[in-house]
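For the sequence shown, numbering that gives the first Met the number 0 assigns the number 0 to the initial residue and increments by one for each residue that follows.
Don't be surprised by glycine CBs; every beta carbon is placed ideally from N, CA and C.
Report on one structure; see the data block that follows.
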Amino acid sequence: MKTFRAFLITSAVFIAAPLPLAAGLTFKLGGWLDALLAIAGGLGLGLLYWWPLGAYLSRPTRRTWTKLVGGYLLSIPLYFLTLAVLYPAWGGAVFHPFAGGRWAIYLSATPQFYAMVLLLSYLTKGRTARWALGTAVVALAAGIVAPLYLAAAAGPHWPHIKSSHAVITGARLVDASSNRIVEGQNVYIQNGSIETISPEPLHPDWPRIEARGRYLLPGLIDVHTHLQSPVEVPAGFKAGYFTKSVMGNYGLQRTAYLASGVTSVRDLGGPAEAGYRLRSEILQKKTLGPRFFTVGRLVTSPHGHPVSTIWSASVSRQSAILATDERTMLDGLDRNFADGPPDAVKFVHGAIGRAHEELSAGLLAKGIRWAGGHGLISVVHAETAEEVEDAIRAGATGVEHTAYLQNAPPSLIALVKQRHPFLDPTFGEFETSLSLSKVPPGVRTAEMQCAYESVVELYRAGAQLVIGTDAPMVAYGSGFHDELAHFAHAGFRPAEILTFATLSNAAYLGKASELGKIAPGYRADLILAETNPLKKLDTLRRPVWTMLDGQIVSGGKR
């Protein structure tokens with residue numbers, strides 16, 4: 000009995016050790032309910048698996064091997080029972096071990112779980128019991144401190160503002176729209192905006208930022224990202240990245256964008272409340288990150304993408320308007336507007352993966368009409384020519400994922416010539432999807448070439464091309480430059496690509512008079528490149544520095 004009591008206490012402390020971090024992570028991702036479920040999950044693990052198995056292993060017996068084998072056989076039904084009870088609590092999933100032969104996968108994990116209980120049962124006997132309990136206490140202390148430390152290190156912060164004005168001298172100004180370099184100009188910045196551009200030394204007493212002949216251009220803009228993801232799909236799950244991302248308010252992602260010269264991003268789907276909060280914190284300079292635009296809650300069908308494909312139940316509750324009918328959609332849009340307001344409205348019109356239900360064309364048109372009536376940009380996720388035509392015909396501002404079009408039918412070309420919509424190919428996301436689907440390399444290359452040709456044809460028909468990444472389907476920050484490379488592979492010139500990434504993207508955000516250009520009255524969101532990006536785009540992967548609102552926030556002397 001004494002041995003089991005030692006096991007019970009020590010195992011309880013070990014089980015409790017990761018719970019503060021688990022509760023913190025789930026609170027960040029899903030709120031208080033999910034945090035409480037995480038704690039309940041830890042208790043369930045002890046009650047249903049550790050302690051019944053520990054009680055059996057703590058029994059005195061002379062037949063050691065019989066007890067070891069019997070303990071493992073007992074661990075199997077206890078393990079399956081534990082998963083059956085806890086799965087519904089962890090995101091509303093249902094445990095189906097015998098569907099599709101998955102029982103073998105679950106069974107393969109039982110030896111390692113049994114080994115943990117067996118080892119602890121052995122260590123809580125005799126002289127090692129105190130050592131085991133001490134180790135458990137240290138683990139619990141680390142588990143309590145870890146989330147506090149990670150929460151305190153919430154990512155990058157704004158530099159100390161030394162002056163509200165400055166002048167950039169010796170820069171070569173990149174004018175992508177006219178494919179030329181302008182020399183001999185000083186850029187005067189006041190209160191985060193460009194005040195004037197002049198060859199004259201208008202304010203000799205202003206602080207100087209010496210460009211030394213390098214190339215100055217507007218900050219880059221990513222019009223399609225999901226910043227609140229703790230996983231980059233191409234890199235796979237990494238525990239450290241996941242934990243630091245969630246507890247650090249996605250500071251890793253924000254830093255990656257700024258280091259890559261991306262000064263504005265639009266989040267097209269994620270936890271809405273957290274997104275609105277992050278937008279406010281960045282705007283008020285409480286935390287550092289690229290200028291942040293968000294749609295809040297996206298509109299999809301009750302069983303559509305992403306609520307039936309990649310989002311957990313908690314994220315779906317926070318992040319989606321489930322348009323059962325017109326009334327539910329409009330009520331959801333009204334609530335989202337009151338909570339935000341959003342910077343745009345996103346509609347998912349298309350059935351992909353496990354999502355076999357799409358938002359109807361009729362509801363899509365009514366939703367786009369609502370967005371227009373509230374002065375909001377409408378963004379539509381579509382993947383087939385028919386879906387793209389539905390969106391354009393309904394008056395959508397822009398359509399995402401047109402790289403999926405392997406050809407552009409005449410009806411679509413005619414519609415594009417008439418409406419001139421914004422089209423975002425997301426080539427990198429399409430390539431990642433092909434890789435995840437195990438498409439052979441040769442076929443993948445051919446499909447990418449078809450995508451390039453279709454986008455070029457749509458551009459020639461009058462589409463306004465823009466550049467988004469759909470990160471985390473590609474890497475944050477560097478994935479934007481990979482996307483620029485895709486446009487180069489499609490045959491676009493550097494000047495055209497830079498125009499898409501700045502002026503066109505700013506227009507797609509509804510900020511054509513504020514962002515994407517070096518001109519008086521525009522925000523001082525700028526990057527300095529070592530060499531001429533009109534000749535070599537790759538120089539932008541490593542900007543000398545990135546400036547946001549007139550402050551150097553990455554590279555250079557901050």
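According to DSSP, is Asn335 helix, strand or coil? Secondary structure of Asn335 (DSSP, three-state): helix.
Which whole-angstrom value describes the C-beta separation of Ala319 and Val306, a residue pair presumed to lie in contact below a C-beta threshold of 8 Å? The Cβ separation is near 5 Å, so the contact holds.
When you compare the CB positions of Val173 and Asn185, do they come within less than 8 Å of one another, or not? It is not a contact, given that the beta carbons lie outside the stated cut-off.
Identity of the residue in Ala39, Ser259, Pro110 and Leu18 nearest Gly554 by Cα: Closest by alpha carbon: Ser259.
Pair every Cβ in the region 332-352 with every Cβ in the region 294-305, then say whether three or more of these pairs are closer than 8 Å. Yes, they touch.
Please state if the CB of Ala523 and the CB of Glu196 are separated by a distance shorter than 8 Å. Residue 196 is actually Ile in this sequence, not Glu. It is not a contact, given that the beta carbons lie outside the stated cut-off.
How do the region 219-233 and the region 464-483 stand: do at least 3 beta-carbon pairs fall below 8 Å, yes or no? Counting Cβ pairs under 8 Å, three or more are found: they touch.
Is the separation between the beta-carbon of Pro289 and that of Arg253 shorter than 8 Å? The answer is yes: Cβ separation under 8 Å.
Bridge partners for Asp174 per DSSP, in chain order? In DSSP, Asp174 forms a bridge with Arg179.
Helix, strand or coil at Val166 according to DSSP, with G and I counted as helix: Three-state result, Val166: strand.
Out of Val454, Leu46, Lys345 and His223, which one is the CA nearest neighbour of His601? Residue 601 cannot be examined here, being either before or after the span of the chain that is shown, 0 to 557.
Runs of 3 residues minimum, wholly inside the region 355-396: which ones carry the beta strand (DSSP E) assignment? As summarised for the region 355-396, the continuous beta strand (DSSP E) elements at least 3 residues long and confined to that stretch are 376-380, given in chain order.
What residue ranges within the region 233-299 form continuous beta strand (DSSP E) runs of no fewer than 3 residues, ordered along the chain? DSSP runs (the beta strand (DSSP E)) wholly in the region 233-299: 261-266, 290-293 and 297-299.
Under 8 Å by Cβ, that's how I've got Tyr521 and Glu529 pegged, so tell me the actual separation to the nearest angstrom. That belief does not hold up - the Cβ atoms of Tyr521 and Glu529 are roughly 23 Å apart, past 8 Å.
Check Asp342 in the structure and name its three-state DSSP category. Reduced to three states, the DSSP call for Asp342 is coil.
When Ala370, Ser410 and Val378 are compared against Glu385, the one with the closest alpha-carbon: Out of Ala370, Ser410 and Val378, Ser410 has the C-alpha closest to the C-alpha of Glu385.
How far does the beta strand (DSSP E) with Met546 in it reach, from first residue to last? DSSP places Met546 in the uninterrupted beta strand (DSSP E) bounded by Trp544 to Leu547.
Sequence-distant residues of the same chain with beta carbon closer than 8 Å to Glu482, five excluded per side: Excluding sequence neighbours, Glu482 sits near Thr425, Phe426, Gly427, Ile466, Gly467, Thr468 and Val473.
For His223, which residues in the same chain have their Cβ closer than 7 Å to its Cβ, ignoring the five residues on either side in sequence? Contacts found: Arg265, Leu267, Glu399, Asp423, Thr425, Gly467, Thr468 and Asp469.
Alpha carbon to alpha carbon, how far is Gly274 from Glu356? One alpha carbon belongs to Gly274, the other to Glu356, and they sit about 27 Å apart.
Select from Leu527, Leu533 and Leu536 the residue whose C-alpha is nearest the C-alpha of Val552. Closest by alpha carbon: Leu527.
What do you get for Glu382, buried or exposed, if any count of 16 or more other CB atoms within 10 angstroms of its CB means buried? If you draw a 10 Å sphere on the C-beta of Glu382, you find 16 or more other C-beta atoms in it, and that means buried.
Ile496 beta carbon less than 8 Å from that of Leu536: Ile496 sits close to Leu536, with the two beta carbons spaced by under 8 Å.
Uninterrupted alpha helix (DSSP H) stretches inside the region 476-552 (no shorter than 4 residues): Those alpha helix (DSSP H) runs which fall completely within the region 476-552 and span 4+ residues are 477-488, 493-498 and 504-507.
Terminal residues of the continuous alpha helix (DSSP H) containing Glu452? Run containing Glu452: Pro440 to Arg459, per the alpha helix (DSSP H) assignment.
Cutoff 6 Å; reference Ala5; Cβ partners in own chain excluding five residues on either side: Counting only Cβ-Cβ distances below 6 Å, and skipping sequence neighbours, we find Thr123 and Ala128.
Pick from Glu446, Lys284 and Val137 that is closest to Pro159, judged by C-alpha positions: In the sequence on display, residue 159 carries His and not Pro. Closest option to His159, Cα to Cα, is Lys284.
Going by C-alpha distance, which of Leu80, Leu362 and Phe491 is nearest Gly102? Residue identity check: residue 102 is Trp in the sequence provided, not Gly. Per the C-alpha coordinates, the member of Leu80, Leu362 and Phe491 positioned closest to Trp102 is Leu80.
For Glu325, which three-state DSSP category applies? Looking at Glu325 - three-state DSSP - the assignment turns out to be helix.
Paired residues, beta bridge with Leu82 - DSSP: Beta-bridge pairing by DSSP links Leu82 to no other residue.
Please state whether DSSP places Leu215 in a helix, a strand or coil. Residue state, collapsed to three classes: strand.
Have a look at the DSSP bridge pairing and note the partners of Gln184. Residue pairing of Gln184 in beta bridges, as defined by DSSP: Ala170.
Report all residues from its chain with a CB closer than 8 Å to the CB of Ala11; omit the five preceding and five following residues, and keep chain order. So the qualifying residues of the chain are Gly45.
Go ahead and pull the three-state DSSP assignment for Asp330. Judged by DSSP in its simplified three-state form, Asp330 adopts helix.
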